[in-house]
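Report on one structure; see the data block that follows.
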Amino acid sequence: TYLKLSASADTDPATTGANSIDITTTSWMVTGFGGYSLFEGDVARLDAIAGARLWSVDTELQVNSDDPSLDGQTEEDAQTWVDPLVGAKLRVDLAPSVYVASWAMIGGFGVGSDLMWDVMGGAGYEFNDTFSLYAGYRAMSVDYSDDGFVYDVVEQGPVAALVFNF
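All the letters of the sequence shown, read from the start, carry residue numbers 1 to 166 under the numbering used here.
This is the structure in structure tokens:
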């Protein structure tokens, strides 16, 4: 997952010396896990999963000012860490080509972040054994802090995907 957010705030030049301050945060999240099938029936499958999630976050502040000594000044902070994770995946076939699927993961445990969690649920349509379309909703959170760097974020929203099985 790649995320880039930016914002700008006007400030009082008489107090701060700056007309405005811009902030940009860029983050990468890469997840890998393996699973073990706890239950596999004709229409449902439940897997236990374990793995890791790599996070890389970079935040930059930039000052915009009429004062040439302040204008364009930047401050940057970045962190990269790995969270262990455990969870479960569930898939239930509702019809020959229609299914619902979900996952729930939790991790961090103070190894990387203090806590991270990730839940997703939705429905899919299989065109064949290789390709399907999936749509649903996902919410995830991470609470990380180290040496003054804090990344405490909840992301949520709709998901749409083309799924490739191999």
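Cβ coordinates follow ideal geometry from the N, Cα and C atoms, glycine included.
Among the candidates the options, whose CA atom is the shortest distance from the CA of residue i?
| i | options | result |
| --- | --- | --- |
| Leu-133 | Leu-85, Ser-97, Leu-38 and Gln-62 | Ser-97 |
| Tyr-2 | Gln-79, Val-57, Asp-114 and Lys-89 | Val-57 |
| Phe-33 | Val-153, Ala-48 and Met-140 | Ala-48 |
| Tyr-137 | Gly-122, Val-100, Lys-89 and Phe-131 | Gly-122 |
| Leu-70 | Asp-77, Phe-166, Asn-19 and Asp-129 | Asn-19 |
| Arg-91 | Gln-156, Leu-54, Ala-44 and Ser-113 | Ala-44 |
| Val-100 | Leu-46, Gly-148 and Phe-149 | Leu-46 |
| Phe-149 | Asp-93, Val-30 and Glu-76 | Glu-76 |
| Ala-104 | Leu-5, Ala-95, Asp-93 and Asp-118 | Asp-118 |
Classify residue i as helix, strand or coil using the three-state DSSP reduction.
| i | result |
| --- | --- |
| Ala-18 | coil |
Bridge partners of residue i, per DSSP?
| i | result |
| --- | --- |
| Pro-84 | Ala-52 |
| Gln-156 | Ala-139 |
| Ala-95 | Bridge partners of Ala-95: none, in fact. |
| Leu-3 | Ser-27 |
| Ser-102 | Leu-90 and Gly-121 |
| Phe-127 | The partner list for Phe-127 (beta bridge, DSSP) is empty, contrary to what the question assumes. |
Once you ignore the five residues that flank residue i on each side, which residues in its own chain have a CB closer than 8 Å to its CB?
| i | result |
| --- | --- |
| Ile-21 | Ser-8, Ala-9, Thr-11, Leu-61, Gln-62, Val-63 and Asn-64 |
| Asp-114 | Gly-108, Asp-143, Tyr-144 and Ser-145 |
Who are the near neighbours of residue i in its chain, counting only those whose CB is closer than 6 Å to its CB and skipping five residues on each side?
| i | result |
| --- | --- |
| Gly-107 | Asp-83, Pro-84, Leu-85 and Met-116 |
| Ser-27 | Leu-3 and Val-57 |
Could you round the C-beta distance between residue i and residue j to whole angstroms and report it? I think they count as a contact, below 8 Å.
| i | j | result |
| --- | --- | --- |
| Ile-23 | Thr-59 | 7 Å |
| Ala-160 | Ala-135 | 5 Å |
| Thr-80 | Trp-55 | 7 Å |
Counting only the same chain and skipping the five closest in sequence on each side, list residues whose C-beta sits under 7 Å from that of residue i.
| i | result |
| --- | --- |
| Tyr-125 | Ser-97, Val-98, Ser-132 and Leu-133 |
| Ala-52 | Gly-32, Val-82, Asp-83, Pro-84 and Leu-85 |
| Leu-94 | Val-100 |
| Asp-67 | Gly-17 |
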